[in-house]
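Asker: If you scroll down you'll find the structure; I have some questions about it.
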Amino acid sequence: MLVRRQARLVTRRQALLGAAALGGAGAAAPLGMPTIANAAAAEPIKIGLLLAKTGGIAAQTEYLANGTYLALEERGNKIMGRPAELVWYDEPSPQGSQQNMQKLVQEAKVCAVLGGSLSSNGLAEEATAAELKIPFVCNNAAATDMTGKNCNRYTFRLNTPVSVQAEMFAPYIMDYGKKWYFITSSYAFGQDIAKSFKELLAKAGGSVVGDDSVPLNTPDYSSFILKIRQAKPDVILGGLTSGDLSTFLKQWNEIGMRGKIPICEIAIGDTDIWSVGTEAATGLFTALWWYDNPADPPEEKAFAADYLKKYGKPAADKAWMGWIAAKSLFESIDAVKSTETEAIIKGLEAWKGGTASSPYYWRKGDHQMLLKNLVVQVKDKIPDKWNYFDVKGTVPKDASELDKVFGDPVAAGCHMT
Amino acid sequence: MLDVILSQVAAGLVLGSLYVLIAIGLSIIFGLLGIVNFAHGNFFALGAYFALTLFQHFGWPAVILAPILVGLVGMGVERLLIRQLYDKEPLISLIVTFALALMIEALLQLIYGGIGQPFSQPPMFSGIYLWGPVLITRYRLAVFVTTVVLLVALWAFMQFTPFGRILRAGSRDPEMVGLLGIRLPRVLTAVFGLGCGIAGIAGVLAAPLWMVIPSMSQGAIMPAFVVVTIGGLGSFAGAVIAGLMVGVVTALTIQFEPSAANAMMYVFMAVVLLLRPRGLLGERWERFE
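For the protein sequence lines, the chains are A and B, in the order given. With our numbering, letter number 342 in the first sequence gets 342, and the count goes up by one each step, no holes. With our numbering, letter number 32 in the second sequence gets 32, and the count goes up by one each step, no holes.
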């Protein structure tokens, strides 16, 4: 699978040759050379994809990429009737992601970029998108500041911000009690979760009985679990990322703690739980989408069926997130019939998806996608290695409350420039 | 407070025992071959993946077959790749083994995908022991006991067998060993396979505890280098002591300053090197000076 995608990558040399050819065609067009102008029109439309290819987050990015490619294949690999292709570069680190975004724009000549698998990368990439004036549709990162104080008019973000998910999810957690133990990753995503939930817990009169900030890629959680066991909380509020959450849950079960203290976390991926195995999985989580949700509209059920047919396994939530982010971008370019930055931004701002009862769209004020979130719980008895969740609720219940639930962009610090 | 510290020390010793197993192979390879093997953590990951795959066909005997297979892969890598590096600049071996590490990780991702593979401990090792304040799971205790048995067996092998004597002599003066009529290239192949096989055992033991993902080597390789450096390059006993100390230091840091848990082993290494520049039990090796 990796080879297939790598084969689609444009090498530096090819990119330079392509850029030279494009530059030549662009220069020649004003001189009235119709043959060359037609050749330029036949050039494929290139869309950049910035997703990590290795590391703990690779489990999620595999599905994000699959969903993105499927969205293009469903359209016959065409946008505006012209051939289109994805150019996938890695996200090795925030700084490396910025460099790769620059390469995508300046060397591969993409007209927009999809990606942003981690909050730290997404925050860095959105700054580069503004600098390069390129539309950037972030399909995974959840850091509040992306569409808060760091927002810019070139960046559109799909995932619901941490602070909003916290507001949505807190009432469900309060049902377990108000003595919370925090175990969060020591980077943007985990810190955001700790800050947002602590504020809500304080308002509700609850108490923090433990608060561990955990280094990324921690391989052994036994000492953390011993601390949690000693603290005897009502509930554990997790803010661990991807593979770290899976490792924690695996060792939580191994130490015999599964079922003894509830575990809750927002913005997880299905793959985080699929990796744990049926014996060890547990918890209450938020999700944007679940393949076995009876309430999914027909279009999304068709996507799930297509995905299953193509990849031989159910679509994870991240596959849907890759698919819907890409679909909105491709349809927006189609609608405005242009690959110019300003036109694409207008197209995205006007784009609408979903159904009347469950719509989703990019809000103009902060370019945040407004959509209902799900609260899902791991089943007591898991029937197969994919079907782990029961949908416990949809937040907000009424679509008319979406704008209110997501809060005022200006109050969140977003001043679109 | 003593209760808490005792619990964390027990957890740290188990973690440290895994670090010891990973580091011992690295130390043996460096000691005899003079190669700093950046791909060592990937042989650890191969152990976990081979166990996972073989388990589907052979059941629990897979836990013995997997490290053997890793050892054989290691021997193949030595014949094809590492052998070309013995008379080259040390920097070349760093670059080549780093590339090998990336290649193995990419291969695992290509074959198994990026998603973690569920793998649990055998049912007979489920459950916990509770001695006063000290909690330890049956499986972790089994990992600790297995490590101790393996280390004793390895030590006896190195001390009392003719092959072990060749290894020890070869690590000090390979030229002299060659002059005595011993075919050193074969010995080197076996040593690289042995080091990789031990990493494979660590991978098998870690599979039910850690996430089995292509990048799992990253959680193993840095502690292994730290342990080997603290213990003294090429020192068997040094690696054992250092591994257990790193595990305990990490566990105690989690209790008191969790965000510094990973960083503390580097601080510990810096302190040890300031006091003993060759590591705890490191000696002067003429061939590396």
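We put the CB at the ideal spot given by N, CA and C, even for glycine. Keep in mind the model is a prediction, meaning the values are calculated, not measured.
Around the Cβ of B:His40, are there at least 16 other Cβ atoms within 10 angstroms (buried) or fewer (exposed)?
Answerer: When all chains shown are included, B:His40 counts as buried.
Asker: Closer than 9 Å, Cβ to any Cβ of chain C: which residues of the region 102-122 of chain B, in chain order?
Answerer: The chain inventory of the structure shown lacks chain C, comprising the protein chains A and B.
Asker: From the beta carbon of A:Pro409, is the nearest beta carbon of chain B less than 7 Å away?
Answerer: No - not a single Cβ of chain B is within 7 Å of the one on A:Pro409.
Asker: Under the three-state reduction of DSSP, which class applies to A:Ser213: helix, strand or coil?
Answerer: In this structure, A:Ser213 counts as strand in the three-state DSSP scheme.
Asker: Closer than 6 Å by C-beta to A:Ile266: which residues in its own chain qualify, once you throw out the five before and the five after it? Chain order, please.
Answerer: Correct list, in chain order: Gln165, Phe169, Thr286.
Asker: Do B:Gly200 and B:Phe58 have their C-beta atoms within less than 7 Å of each other?
Answerer: The answer is no: Cβ separation not under 7 Å.
Asker: Pair every Cβ in the region 184-195 of chain B with every Cβ in the region 64-75 of chain B, then say whether three or more of these pairs are closer than 8 Å.
Answerer: Touching, yes, given that three or more Cβ pairs across the two stretches are closer than 8 Å.
Asker: Taking its Cβ as the centre, do 16 or more other Cβ atoms sit within 10 Å of A:Gly271, making it buried, or is it exposed?
Answerer: Reading the sequence as shown, one finds Thr at residue 271 of chain A and not Gly. So A:Thr271 counts as buried.
Asker: Nearest by alpha-carbon distance to B:Val148: which of B:Leu18, B:Thr189, B:Asn37 is it?
Answerer: For B:Val148, the nearest C-alpha among the options comes from B:Leu18.
Asker: Grouping DSSP H, G and I as helix and E and B as strand, with all else coil, what is A:Leu288?
Answerer: In this structure, A:Leu288 counts as coil in the three-state DSSP scheme.
Asker: Restricting to Cα atoms, I'd like to know which of B:Leu154, B:Ile24, B:Tyr139, B:Phe55 is closest to B:Thr229.
Answerer: The option with the nearest alpha carbon to B:Thr229 is B:Ile24.
Asker: DSSP state of A:Arg157, grouped into three classes?
Answerer: Residue state, collapsed to three classes: strand.
Asker: If we cut at 7 Å on Cβ distances, does B:Leu280 have a partner in chain A?
Answerer: Answer no: the Cβ-Cβ gap between B:Leu280 and chain A never drops below 7 Å.
Asker: Please report the straight-line C-alpha distance between B:Thr97 and B:Gln84, rounded to a whole angstrom.
Answerer: C-alpha separation (whole angstroms): 12 Å.
Asker: Measure the alpha-carbon distance for A:Ile36 versus A:Glu43 and round it to whole angstroms.
Answerer: Note on A:Ile36: pLDDT 46, under 50, position unreliable in the model; no value is reported.
Asker: State whether the region 60-74 of chain A contacts the region 307-322 of chain A, with contact taken as three or more CB pairs (one from each stretch) at a distance under 8 Å.
Answerer: Contact holds: three or more Cβ-Cβ distances are below 8 Å.
Asker: State yes or no: is the C-beta of A:Pro314 nearer than 6 Å to some heavy atom of the ligand ATP?
Answerer: Here there are no bound small molecules, and the ligand ATP is not part of this structure.
Asker: Counting only runs of 3+ residues fully inside the region 300-330 of chain A, write out the beta strand (DSSP E) ranges in chain order.
Answerer: List check, beta strand (DSSP E) in window: nothing returned.
Asker: Is there at least one Cβ from chain A nearer than 7 Å to B:Gly219's Cβ?
Answerer: So yes, B:Gly219 belongs to the interface.
Asker: Quick one: residues in its chain with C-beta nearer than 7 Å to the C-beta of B:Ala207, no 5 flanking neighbours on either side, listed in chain order?
Answerer: The residues are Ala48, Ala51, Leu52, Phe119.
Asker: Less than 7 Å between CB atoms is the rule here; does A:Asn217 satisfy it with respect to chain B?
Answerer: It does: the Cβ of A:Asn217 has a partner Cβ on chain B nearer than 7 Å.
Asker: Report the rounded CA-to-CA distance for A:Gln191 versus B:Ile254, giving the unit in angstroms.
Answerer: Their backbone Cα atoms lie some 18 Å apart in a straight line.
Asker: Using only CA atoms, which one of B:Gly132, B:Val9, B:Leu33, B:Ala10 lies nearest to B:Val187?
Answerer: Of the candidates B:Gly132, B:Val9, B:Leu33, B:Ala10, the one whose C-alpha sits nearest the C-alpha of B:Val187 is B:Leu33.
Asker: Identify the contact partners of B:Gln8 in chain A, using a Cβ-Cβ distance below 7 Å as the criterion.
Answerer: Neighbours of B:Gln8 on chain A, chain order: Ser223, Leu226.
Asker: Excluding the five sequence neighbours on either side, which residues of its own chain have a C-beta within less than 6 Å of the C-beta of B:Arg138, listed in chain order?
Answerer: Cβ within range, chain order: Phe125, Gly127.
Asker: Chain A beta carbons: is any one of them nearer than 7 Å to that of B:Ile95?
Answerer: Closer than 7 Å: no.
Asker: Can you tell me whether DSSP reads A:Met80 as helix, strand or coil?
Answerer: DSSP places A:Met80 in coil when its eight states are reduced to three.
Asker: Could you check the C-alpha separation between A:Gln106 and A:Ile134 for me, to the nearest Å?
Answerer: Taking the straight line joining both Cα atoms gives about 11 Å.
Asker: Using 10 angstroms around the beta-carbon of B:Arg183, count the other beta-carbons present and answer buried if the total reaches 16, otherwise exposed.
Answerer: With fewer than 16 Cβ atoms within 10 Å of its Cβ, B:Arg183 is classed as exposed.
Asker: Compare the C-beta of B:Thr137 against all C-beta atoms of chain A and say whether one is closer than 7 Å.
Answerer: Yes, its Cβ sits closer than 7 Å to a Cβ of chain A.
Asker: Below 7 Å on C-beta distance, what does A:Val214 contact in chain B?
Answerer: Correct list: Pro258.
Asker: How big is the Cα-Cα spacing for A:Met33 and A:Tyr89?
Answerer: Its pLDDT being 45, under 50, A:Met33 is placed unreliably by the model, and nothing is read from it.
Asker: To the nearest angstrom, how far is it from the Cα of B:Tyr251 to the Cα of B:Gly12?
Answerer: The question names Tyr, yet the displayed sequence has Ala at residue 251 of chain B. When rounded, the distance between both Cα atoms is 5 Å.
Asker: I need the DSSP call for A:Lys392, collapsed to helix, strand or coil.
Answerer: Residue state, collapsed to three classes: strand.
Asker: Between B:Phe144 and B:Val63, how many whole angstroms is the CB-CB distance? I'm expecting something under 8 Å.
Answerer: Actually they do not touch by this definition, with Cβ atoms about 16 Å apart.
Asker: Would you mind reading off the limits of the beta strand (DSSP E) that contains A:Asn373?
Answerer: Where A:Asn373 is concerned, the enclosing beta strand (DSSP E) stretches over 373-378.
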